[in-house]
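In the numbering used here, the protein residues as written are 1 to 802.
Have a look at the structure below before the remarks.
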């Protein structure tokens, strides 16, 4: 494997060592050992910036299951590098933050950092994999690791509830996505994303194209918390704050964004992709921003804010996909390219300001003991550094200059305004919806930023609201949010340092083949665009957002504000409860505790399904020409066997049943003698003798039969099912005997038993040589069973353990 492969899986390798570090270096916080890896990876991946900035791609392949077209192929281009730097860069800051946030004495740090490294490695695998199946494997690892991190404090009911919800929704979407990948393979014959993109012209008219698109989007929407699958994200806030800052603002929730961006060259340029992305994105944007206003918990506000911002990015990717319909050229078509540019820029900005805000929320919780804005207030002078970082982050999220959020928000307004001028996809009729909803969502975004800021830091400080002495966080906990807050300011004042290093290569990866060789998208980001519509929309956002905050007392007692929980949660909870009740009722119906009922179910399904296929395929076949004549001895033995079997079924005592069962076995041994198989006859006689003796020894100590009378319909049902099984098995045996699809193996074994195995007894040779491993494992199973029985006999359980 190459160094790039090792870099991808290195978090998993380090995760194996974490329990040893935790056990043998208790005096050192385990996070210090973990911190080294993401820092090294971040520096390592920075060296690829010149390559991707010039349009270059780095790719290496390691065969995994080449017969199925599954290979571990790493593919690093501008888009992958952007996400890799977010994963490793913010991962470094989160680990540093967690060292001071999580106590090495009170917390099980080995579990935390193993889960965190699992997640980091899984995310690296998702964004670097070119093979869809490998991508899917890493995708589901992110769901598993995320669920483990959310339930880190598993003694809390809300934590386990949030983890379960996250797992159910994201894994269900992942299964749907896997179905979409399978359909893409059926259309193209490859799992390679590059190979699929090369065949876009051929598959766009395929009947499976739209179903594949829908299934893939289901996976992306569930992972990136798009409406109505967003409900798992607020409950995931029960995880420790470092997890929230990492998974649910910068990495995991961006996995769906990455998948959409990566597969835009495959599905972009068609109306279904355009409307699904932009439509669900703009709805998610509005729903998240409106829901955030009524939250009272700092992390809950940030959770719904994240949902809203993810909707914004998804909407921009949908609008930008129209470029693949037109190509890059005249107005207004090229503004759809600007929408993709805005999506990438805001993705970066969101990671910086939202990561810092989650960390400051964690600091407030850590140092005050609460995140409830109804208890907080007056922290400006007590926590001045936290106040400054929060001010920068909230101003950026609200879209105020000169911070980076203002720039990408203005570009968002430009994208939705120019989209109304498109002459495709019925935008002439419905396009006006986008700027209206974008503006409304921005108003509520501004409002919840004001609520979060003023309710936390202004007003009178009331010490009685806190159970601890409130003070500023230690410098170690402040370093990470200070770095992210500084990036908010730097990217705000100098946005073009990202233009051709990260943004343009990412846009080129999302919208390939729109430019000639050596050409680049023209990207120049600046604050002042004159007195245009976007500026007036921003002024309106500030005015109406402020009015919402100032009139808060008048609507704070309304049902809207008091109802914090998303109403879609009731649908989710009701569905699970209904599923549980239905499953319990169905299980109670068939799990009666009666062996006769269970056998009745099994044999009924056997007769119905096997019998249906048997006659549907016209598999009944009988020809007496190849059958050997039946001698009188064989007829007598068969009659004895049938009689003995009937005796077993109608026996009233155990002794009679045992004798009848033994008669069936000895009759079978007699058949082996008649058919000239003395070895089998001897084996059968030994087994029957031992079984009969063991049955007699066991049943001697058991009580007598208790006669149980049942109604006639049940006995009639038994008769019908029994006859059905008997007739079906008889027809199956006769038909299989007279339906020869292959030559008999007897001639092979007759020749090979002596010539190749050196044995004259063909049965023994088959058991020992041709079926050697099979026989060995049968002996192994019997040995394990014998040891188990011996241990059970020798086991002496204490009275309190019984």
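C-beta atoms are modelled at their ideal positions from N, C-alpha and C, and glycine is treated no differently.
Just so it is clear, the structure is predicted and the values come from calculations on it, not from any experiment.
In summary, residue 215 is buried, with 16 or more beta-carbon neighbours lying within 10 Å of its beta-carbon over all protein chains present. Spatial neighbours of residue 725 in its own chain (CB-CB distance under 8 Å, excluding positions within 5 residues in sequence) are listed in chain order as 603, 606, 607. For the 8 Å CB-CB criterion, residue 306 and residue 375 do not form a contact. Counting of Cβ neighbours within 10 angstroms places residue 528 among the exposed residues, the total staying below 16. For residue 140, no beta strand (DSSP E) segment is defined; the enclosing uninterrupted segment is the alpha helix (DSSP H) at 132-150.
Relative to residue 613, the option among 731, 211, 449 whose CA is nearest is 731.
Two segments are said to touch when three or more pairs of C-beta atoms, one from each, lie closer than 8 Å; by this definition the stretch 388-396 touches the stretch 482-494. Annotation for residue 768: no alpha helix (DSSP H) segment contains it, and DSSP assigns it neither H nor E.
Within a 10 Å sphere around the beta-carbon of residue 309 sit 16 or more other beta-carbons, which makes this residue buried. Counted as a single uninterrupted DSSP element, the stretch harbouring residue 13 is not any beta strand (DSSP E) but the alpha helix (DSSP H) occupying residues 3-24. In the structure shown, residue 153 falls within a coil segment according to DSSP collapsed to helix, strand and coil.
Under the three-state reduction of DSSP, residue 61 is assigned to strand.
Distance check between residue 458 and each of 476, 422, 379, 303 places 379 closest, using alpha-carbon atoms only.
In the same chain as residue 117, and ignoring 5 residues on each side of it, the C-beta atoms closer than 8 Å to its own belong to 11, 12, 14, 15, 18, 34, 37, in chain order. The residue among 318, 753, 266 with its C-alpha nearest the C-alpha of residue 282 is 318. Per the DSSP secondary-structure output, residue 74 pairs in a beta bridge with 60, 129. Note: residue 192 is bridge-paired with 131 in the DSSP secondary-structure output. Cβ-Cβ distances below 6 Å link residue 349 to 404, 405, 408 in the same chain, with the five nearest sequence neighbours on each side left out; the list follows chain order. Around the C-beta of residue 570, fewer than 16 other C-beta atoms lie within 10 Å, and the residue is accordingly described as exposed. Residue 410 has its alpha-carbon roughly 9 Å from the corresponding atom of residue 537. By DSSP's assignment, residue 372 forms a beta bridge with 297.
In this model, residue 224 and residue 795 are separated by some 54 Å (Cα to Cα). Here residue 637 really is in contact with residue 671; their C-beta atoms are around 6 Å apart, less than 8 Å.
Non-local beta-carbon contacts of residue 632 in its own chain, meaning distances under 7 Å to residues more than five positions away in sequence, are absent. Using a Cβ distance threshold of 8 Å, residue 208 and residue 506 do not count as a contacting pair.
Taking C-beta atoms as the reference points, residue 347 and residue 257 count as a pair closer than 8 Å.
Listed in chain order, the alpha helix (DSSP H) runs fully inside the stretch 233-309 are 241-247, 252-267, 271-293, counting runs of at least 4 residues. In this structure, DSSP gives residue 425 a state outside helix and strand, which the three-state scheme calls coil. Membership of residue 569 in the alpha helix (DSSP H) is indicated by the continuous run 568-590. In this structure, DSSP gives residue 392 a helical state, which the three-state scheme calls helix. Counting along the chain, the unbroken alpha helix (DSSP H) around residue 679 starts and ends at 678-699.
Taking 8 Å as the upper bound for CB-CB distance, residue 126 and residue 139 are in contact here, some 6 Å apart. Under the DSSP assignment, residue 481 falls in the alpha helix (DSSP H) whose first and last residues are 475-493. In the displayed model, residue 564 falls within coil according to three-state DSSP, outside both helix and strand. In the three-state scheme derived from DSSP, where H, G and I count as helix and E and B as strand, residue 527 is classed as coil.
Looking at the backbone, the Cα of residue 22 and that of residue 226 are separated by about 38 Å.
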